[in-house]
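Top to bottom, those sequences are chains A and B. Numbering-wise (my numbering), the first sequence opens with residue 7 and increments by one. Numbering-wise (my numbering), the second sequence opens with residue 7 and increments by one. The C-beta atom is built at its ideal place from N, Cα and C for all residues, glycine as well. Note sheet for the following structure.
Protein chains: 2
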Amino acid sequence: MSDITPLDSVGEFGLIRRIQDTITLRQASTKLGIGDDAAILAPPAGHEIVVSTDMLVEGVHFDLTFCPLKHLGYKAVAVNVSDVAAMNATPTQIVVAVSIGARFSVEAVQELYDGMRLACEAYDVDIVGGDTTASRGGLTISITAIGHVAAGKAVRRSGASPNDLICVTGDLGGAYLGLQVLEREKQAWQADPETQPELGKYPYVLQRQLRPEARMDVIHELRDLGVEPTSMIDISDGLASEVLHLCQASGTGARIFSENLPIANPTLEVAEEFNLDPIMCMLNGGEDYELLFTVPLAAHALLKNHPDITIIGHMVERSEGTNLITKSGQPVPLRAQGFNHF
Amino acid sequence: MSDITPLDSVGEFGLIRRIQDTITLRQASTKLGIGDDAAILAPPAGHEIVVSTDMLVEGVHFDLTFCPLKHLGYKAVAVNVSDVAAMNATPTQIVVAVSIGARFSVEAVQELYDGMRLACEAYDVDIVGGDTTASRGGLTISITAIGHVAAGKAVRRSGASPNDLICVTGDLGGAYLGLQVLEREKQAWQADPETQPELGKYPYVLQRQLRPEARMDVIHELRDLGVEPTSMIDISDGLASEVLHLCQASGTGARIFSENLPIANPTLEVAEEFNLDPIMCMLNGGEDYELLFTVPLAAHALLKNHPDITIIGHMVERSEGTNLITKSGQPVPLRAQGFNHF
Chain A
7 MSDITPLDSV GEFGLIRRIQ DTITLRQAST KLGIGDDAAI LAPPAGHEIV VSTDMLVEGV
67 HFDLTFCPLK HLGYKAVAVN VSDVAAMNAT PTQIVVAVSI GARFSVEAVQ ELYDGMRLAC
127 EAYDVDIVGG DTTASRGGLT ISITAIGHVA AGKAVRRSGA SPNDLICVTG DLGGAYLGLQ
187 VLEREKQAWQ ADPETQPELG KYPYVLQRQL RPEARMDVIH ELRDLGVEPT SMIDISDGLA
247 SEVLHLCQAS GTGARIFSEN LPIANPTLEV AEEFNLDPIM CMLNGGEDYE LLFTVPLAAH
307 ALLKNHPDIT IIGHMVERSE GTNLITKSGQ PVPLRAQGFN HF
Chain B
7 MSDITPLDSV GEFGLIRRIQ DTITLRQAST KLGIGDDAAI LAPPAGHEIV VSTDMLVEGV
67 HFDLTFCPLK HLGYKAVAVN VSDVAAMNAT PTQIVVAVSI GARFSVEAVQ ELYDGMRLAC
127 EAYDVDIVGG DTTASRGGLT ISITAIGHVA AGKAVRRSGA SPNDLICVTG DLGGAYLGLQ
187 VLEREKQAWQ ADPETQPELG KYPYVLQRQL RPEARMDVIH ELRDLGVEPT SMIDISDGLA
247 SEVLHLCQAS GTGARIFSEN LPIANPTLEV AEEFNLDPIM CMLNGGEDYE LLFTVPLAAH
307 ALLKNHPDIT IIGHMVERSE GTNLITKSGQ PVPLRAQGFN HF
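Rendered as structure tokens:
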């Protein structure tokens, strides 16, 4: 039987102390962590700092019916680390602000922080600041990630040129199909609470949705290969939307070949089961947190057989537009689907 | 007649674009602001970075019945700048995450950002990152402030020694009494919506509550005087709580003289009207965002006549405890009241 301690029995200070006690620091650049008015960081000389912030709101970005708090904590950190990775920087510290309703227990909050701590271990990041506060409603998690990169080596969205190759890491569409599975099972369960949710059949897409990873591994591999991306972004809203962001910032057009888009077999199977077009899932699904980046044509030989990287197209002149080239060779203009949560 | 544009008519991207268009950058250290996966900062060589985060939640930290959104935006930035000031650092950038319910209009969100922008102008800070998202409930504002300070010159809570003078900036208790006025008027208005709230009589305490300022001015003055605080904290939870924080972190006790505590005349008058003990308002009121700091005894001559600084006591050995010394010379142990929002 698990313990349930109401939040009001320990208070804000008590809760913060419990969380603080479990935090370890591993970054040499962290001079002072949680416990003062601010943290003190000493980034290495000759480096620039990158900073990114993301807020996850219950009922908008996650649904606690099917998202375990530990996974949520992990994901909240991973999506911020992903933004730092997308700048070609190394994440080093995060600060975390959480607001939680009184319906949560101390143990639930600790579970959330356990997930964050796991992610911090995985990405070698320190939690150096926090604000934990009550809310009148649900759970909101706001994380700011800090990283560093050698001066001048940050990769922006704006550096691509026509003829640059467009590459994507991993595979696409899985997170979206994982969400479809979760929503179907939730509806079934709401209609009949006796129903046992059928989640065991879908480990891959559920993992993609519930516990995505930031592709820091690829950032390190590109450095090892000596390949410097000319532009980069992480895929949070869907491939189509992100390609358009790179093109708009770089003043280019793009040709993406539908045949080249990477999809995993389990994702494809779920798409078929749900009668969804796998290309659409890859283009507009979102939340895969893979990296989309461009490299000079000269990097082709180095990347063409890379197991974690797929060349999906190339940049063109702005005037040629931003198109998906179908199997039959037809250009179809890419459109951002994006989310409108309001 | 003011315009009312529903949030869902512009969407998240549209809203973000509108906000982004009004942001100007003024810090040399900001290499890249909003619009990429992360901002890029280049702090001056030989400096350390400080980072602090704060979350303000509707219904917990503010009440939109009586808090104009512009003031709220200003305050949200000021309280973060105050944390940076309390480290003896100079604030340079902030990132802002906001979640808002559909009941807000585009104009309301712009008003909030107008207030933040005003504060950024006042404190010479750049908004370099943001996340604006929907919420299922009220308004939540999460700000992370970044500053820099010459390496080794950050002031922690832990550096005080016995005999150090304890100083406070400005005056205390005003923000708390401002809140009392607002809550009384809200109750009167709820009981009878025809009532005209009597706020014009209380400009000082209302300003202290609704639009506090971070004391960066004092940080600059101390540098000009060549006075280096040995420990410092900003007063968010109340003087008593903050004195205890400094003592705990520094391993000291303290003697605070009730006769020396600074209160403004308008604050005193409101305390009398509400039949509240002014000493208690100063000790436990909170939200004044003044600075509490210690200096070596040798700084006495430099600070004793300073118009913005009051010497309220001195540090003692830990074994002597942490006491308020009353007018009649009686020691009364200080106790933190703090808030428990759960």
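- Between the C-alpha atoms of residue 266/B and residue 178/B, what's the straight-line distance to the nearest angstrom? 11 Å
- Task: State yes or no: is the beta carbon of residue 226/A nearer than 9 Å to at least one beta carbon in chain B?
- Result: no
- Item | Interface residues of chain B facing residue 46/A [CB-CB closer than 9 Å] | 54, 55, 56, 57, 93, 95, 155, 160 and 162
- Where residue 138/A falls, given that 16 or more other Cβ within 10 Å makes a residue buried: buried
- Task: Mind checking which residues open and close the alpha helix (DSSP H) that includes residue 121/B?
- Result: Per DSSP, residue 121/B belongs to the alpha helix (DSSP H) from 112 to 129.
- Item | Spatial neighbours of residue 7/B in its chain, beta-carbon cut-off 6 Å, leaving aside the 5 residues before and after | A caution first: residue 7/B carries a pLDDT of 42, below 50, which makes its placement in the model too unreliable to give a value.
- Message: 9 Å is my cut-off, CB to CB: does residue 11/A come that close to chain B?
- Response: False, the Cβ-Cβ gap to chain B never drops below 9 Å.
- Message: Along the chain, where does the alpha helix (DSSP H) containing residue 306/A start, and where does it finish?
- Response: Residues 306 to 309.
- Bridge-paired residues (DSSP) for residue 64/A: According to DSSP, residue 64/A bridges with 68/A.
- Task: Measuring alpha carbon to alpha carbon, tell me which of 115/B, 262/B, 240/B and 69/B ends up nearest residue 86/B.
- Result: 240/B
- Task: Output the distance between the C-alpha atoms of residue 43/A and residue 63/B, rounded to the nearest integer angstrom.
- Result: C-alpha separation (whole angstroms): 19 Å.
- Query: Can you give the Cα-Cα distance for residue 333/A and residue 285/A, rounded to whole angstroms?
  - Reply: 11 Å
- Query: Along the chain, where does the alpha helix (DSSP H) that runs through residue 86/B open and close?
  - Reply: Membership of residue 86/B in the alpha helix (DSSP H) is indicated by the continuous run 75 to 91.
- Between the segment 145 to 153 of chain A and the segment 275 to 293 of chain A, are three or more C-beta pairs nearer than 8 Å? no
- Task: For residue 248/A, name the three-state secondary structure that DSSP assigns.
- Result: Assignment of residue 248/A by DSSP, reduced to helix, strand and coil, places it in the helix class.
- If you draw a straight line from the alpha carbon of residue 341/A to that of residue 275/A, how long is it in whole angstroms? 25 Å
- Which term fits residue 303/A, buried or exposed, when burial requires 16 or more other beta carbons within 10 angstroms of its beta carbon? Result: exposed.
- Message: Please tell me whether residue 69/B and residue 192/B are closer than 9 Å, where the distance is taken between their beta carbons.
- Response: yes
- Assigned secondary structure, residue 25/B (DSSP; H/G/I helix, E/B strand, else coil): helix
- Query: Apart from the five residues just before and just after residue 114/A, which ones in its own chain have a Cβ nearer than 7 Å to its Cβ?
  - Reply: The answer, listed in chain order, is 75.
- Could you give the distance in angstroms between the alpha-carbon of residue 322/A and the alpha-carbon of residue 337/A? 13 Å
- Query: Under a three-way DSSP split, which group does residue 37/B fall into?
  - Reply: Three-state result, residue 37/B: strand.
- Message: Is the beta carbon of residue 307/B closer than 9 Å to that of residue 217/B?
- Response: no
- Task: Specify, as a first and last residue, the run of the beta strand (DSSP E) that residue 46/B falls within.
- Result: From DSSP, the beta strand (DSSP E) with residue 46/B extends over 45 to 47.
- If the cut is a Cβ gap below 7 Å, which residues of chain B does residue 105/A touch? 61, 63 and 146
- Expressed to the nearest angstrom, what Euclidean distance is found between the alpha-carbon atoms of residue 187/B and residue 32/B? 38 Å
- the ligand GTP heavy atom lying under 8 Å from the CB of residue 27/A: Inclusion of the ligand GTP in the displayed structure is not the case, the ligand content being empty and no account of it being possible.
- Item | Test: residue 43/A CB closer than 9 Å to a CB of chain E | In the structure shown, chain E cannot be found, because the protein chains are A and B.
- The alpha helix (DSSP H) enclosing residue 214/A, as first and last residue numbers: Element bounds for residue 214/A: 209 to 216.
- Task: Could you give the DSSP three-state label for residue 104/B: helix, strand or coil?
- Result: strand
- Near residue 214/B, what residues of its chain come up, given a Cβ to Cβ distance below 6 Å and the 5 sequence neighbours on each side ignored? 180, 181 and 184
- Using the DSSP secondary-structure output, state which residues sit across from residue 238/B in a beta bridge. 299/B
- Query: With a cut-off of 9 Å, does the C-beta of residue 353/A fall near any C-beta of chain B?
  - Reply: Given that chain A is displayed from residue 7 to residue 348, the structure contains no residue 353/A and the question cannot be resolved.
- Beta-carbon proximity check, residue 94/B vs residue 160/B, cutoff 9 Å: Result yes, Cβ atoms of residue 94/B and residue 160/B sit closer than 9 Å.
- What is the DSSP secondary structure of residue 342/B, counted as helix, strand or coil? The DSSP-derived three-state label of residue 342/B is coil.
- Cβ of residue 118/A within 9 Å of Cβ of residue 78/A? Cβ atoms of residue 118/A and residue 78/A: closer than 9 Å.
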